[in-house]
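>
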Amino acid sequence: MHSEVRKKSQKLKGDRLKCLSFDIWNTLLDLGKLYSLIAEELSEITGRRKEEMEAGLKSAYQKALSLRLEGAFRSPILDSARVFASELNITEEGLFRALVRAVMRAETGEMVFDDVHRALDELNAMNIKMGLLGNVMFWPGMVTRIILEKNGILRYFHSTIFSDESGVQKPDRAAFELLANRLECRLEEMVHVGDSLENDLAGALISGASAILIKRDSPTSFSIGKRAFVVRTLTEIPGLLSKL
90 MHSEVRKKSQ
100 KLKGDRLKCL
110 SFDIWNTLLD
120 LGKLYSLIAE
130 ELSEITGRRK
140 EEMEAGLKSA
150 YQKALSLRLE
160 GAFRSPILDS
170 ARVFASELNI
180 TEEGLFRALV
190 RAVMRAETGE
200 MVFDDVHRAL
210 DELNAMNIKM
220 GLLGNVMFWP
230 GMVTRIILEK
240 NGILRYFHST
250 IFSDESGVQK
260 PDRAAFELLA
270 NRLECRLEEM
280 VHVGDSLEND
290 LAGALISGAS
300 AILIKRDSPT
310 SFSIGKRAFV
320 VRTLTEIPGL
330 LSKL
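For the record, in the sequence shown the residue sitting at position 127 is 216 according to this note's numbering, with numbers rising by one throughout.
Take a look at the structure:
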């Protein structure tokens, strides 16, 4: 693994990195854990099995992702809530109440992946400006900020941008450009890290930034050309960037 990181660092050498952008869910925070909590609350509200609710949440998530990518959502929070409520055969109000109950639980402070704190500590020591760029589903970005704070990682980021507040979303160039401006760097000086091929990897590359895809189940880490990389853990990133 060390040789892989050295090779990737050499490929990046010569670029002028000034800022680092992160996706949030399934990059820093485990969405499955939140859905599990929401499913428990939905089970209590509806009297239906938690497993049924959890499967419905995952199915609705995939449908909502596709619809959002197609540009079908005019109001991302309300439109995605309708998709989730329909898939789960519940009311939108019931969905929102289950979310609120889940967010209030202590377990929402235990949602970071194991590699997150170490990676962010090392990147912070490198004096690289870091920001967050998140799309939303049926809860606003402010709720995600609360969860980030509960997990002790909001403090690492100079700027946090969510699509419900900014009016722009990944993979659109405008979203990446807005964060780059907030971090006072150009797109070609930014590296974006995320778990989605479409929203994060392709979106960043098309926008002019470099991209790192986090794929924790990948058998190996590798590069895709000169500006794109796949890593198995976020702790690889400091080594990947250390020679910039």
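We put the beta carbon where it would ideally sit given N, CA and C, even for glycine.
If you scan the stretch 199-272 from start to end, which runs of the beta strand (DSSP E) of 3 or more residues do you find wholly inside it?
Whole beta strand (DSSP E) segments, 3+ residues: 218-223, 248-251.
> Please name the residue in L156, T197, K107, R186 whose C-alpha comes closest to that of S125.
Residue 125 sits at position 36 when you count from the first residue of the sequence shown. Per the Cα distances, T197.
> Tell whether a beta-carbon distance below 9 Å holds between L338 and L209.
No statement about residue 338 is possible, as the shown extent of the chain runs from 90 to 333 and does not include it.
> Let me check one thing: in DSSP terms, what residues is I303 bridge-paired to?
Numbered from 1 along the sequence shown, position 214 holds the residue referred to as residue 303. V320.
> Could you please give me the residues that DSSP links to I313 through a beta bridge?
Numbered from its first residue, the sequence shown carries residue 313 at position 224. According to DSSP, I313 bridges with A317.
> Mapping DSSP to helix, strand and coil, what is S110?
Locating residue 110 in the sequence shown gives position 21, counting from the first residue. S110 falls in the strand class under three-state DSSP.
> Could you tell me which of A170, L156, A195, R207 sits nearest to F185, measuring between CA atoms?
Within the sequence shown, residue 185 is the residue found at index 96, counting from 1. Comparing Cα positions, the closest option is A170.
> By DSSP, does E93 sit in helix, in strand, or in coil?
Taking the first residue of the sequence shown as 1, we reach residue 93 at position 4. Here E93 scores only 44 on pLDDT, less than 50, and its place in the model should not be relied on; the value that follows carries that caveat. Correct three-state label for E93: helix.
> Which two residues bound the contiguous alpha helix (DSSP H) that contains G328?
Stepping through the sequence shown from its first residue, residue 328 is reached at position 239. Where G328 is concerned, the enclosing alpha helix (DSSP H) stretches over 326-330.
> Just reading off the beta strand (DSSP E) that G121 is part of, what are its end residues?
Taking the first residue of the sequence shown as position 1, residue 121 is located at position 32. Counting along the chain, G121 falls outside any beta strand (DSSP E), though it belongs to the alpha helix (DSSP H) covering 120-135.
> Which term fits V320, buried or exposed, when burial requires 16 or more other beta carbons within 10 angstroms of its beta carbon?
Along the sequence shown, read from residue 1 onward, the residue named residue 320 stands at position 231. Label assigned to V320: buried.
> I'd like to confirm the pairing. Which residues does DSSP put opposite M279 in its beta bridges?
Indexing the sequence shown from 1 puts residue 279 at position 190. Paired residue(s): C108.
> Taking the runs of the alpha helix (DSSP H) that are 4 residues or longer, which of them lie wholly in the stretch 157-187?
The qualifying runs are 165-177.
> Please tell me whether M38 and L109 are closer than 9 Å, where the distance is taken between their beta carbons.
Beyond the ends of the chain as shown, which are 90 and 333, falls residue 38; an answer cannot be given.
> Near G145, which residues of its chain fall below 7 Å by C-beta distance, leaving aside the five closest residues on each side in sequence?
The residue you call residue 145 lines up with position 56 of the sequence shown. The answer, listed in chain order, is E176, L177.
> P327 to L212, Cα distance in whole Å?
Taking the sequence shown and counting its residues from 1, one reaches residue 327 at position 238. Taking the sequence shown and counting its residues from 1, one reaches residue 212 at position 123. Whole-angstrom Cα-Cα distance: 6 Å.
> Between I134, T135, R157, which has its C-alpha nearest E287's C-alpha?
Here residue 287 refers to the residue found at position 198 of the sequence shown. Checking every option, the nearest Cα to that of E287 belongs to R157.
> Answer yes or no: do L222 and H281 have a C-beta to C-beta separation smaller than 9 Å?
Walking along the sequence shown from the start, residue 222 turns up at place 133. Walking along the sequence shown from the start, residue 281 turns up at place 192. Yes. Within cutoff.
> What three-state label does DSSP hand G297 in the structure shown?
What you label residue 297 is simply residue 208 of the sequence shown in a count that begins at 1. Coil.
> To the nearest angstrom, report how far apart L188 and L237 are at their CA atoms.
For this step, residue 188 is matched to residue 99 along the sequence shown. For this step, residue 237 is matched to residue 148 along the sequence shown. Roughly 16 Å between the two C-alpha positions.
> Around the Cβ of G314, are there at least 16 other Cβ atoms within 10 angstroms (buried) or fewer (exposed)?
For the purposes of this step, residue 314 is identified with residue 225 of the sequence shown, where counting begins at 1. Under this definition G314 is an exposed residue.
> Buried or exposed for P308, going by 16 or more other Cβ atoms inside 10 Å?
Counting from one through the sequence shown, the residue named residue 308 turns up at place 219. Answer is exposed; the Cβ neighbour count stays below 16.
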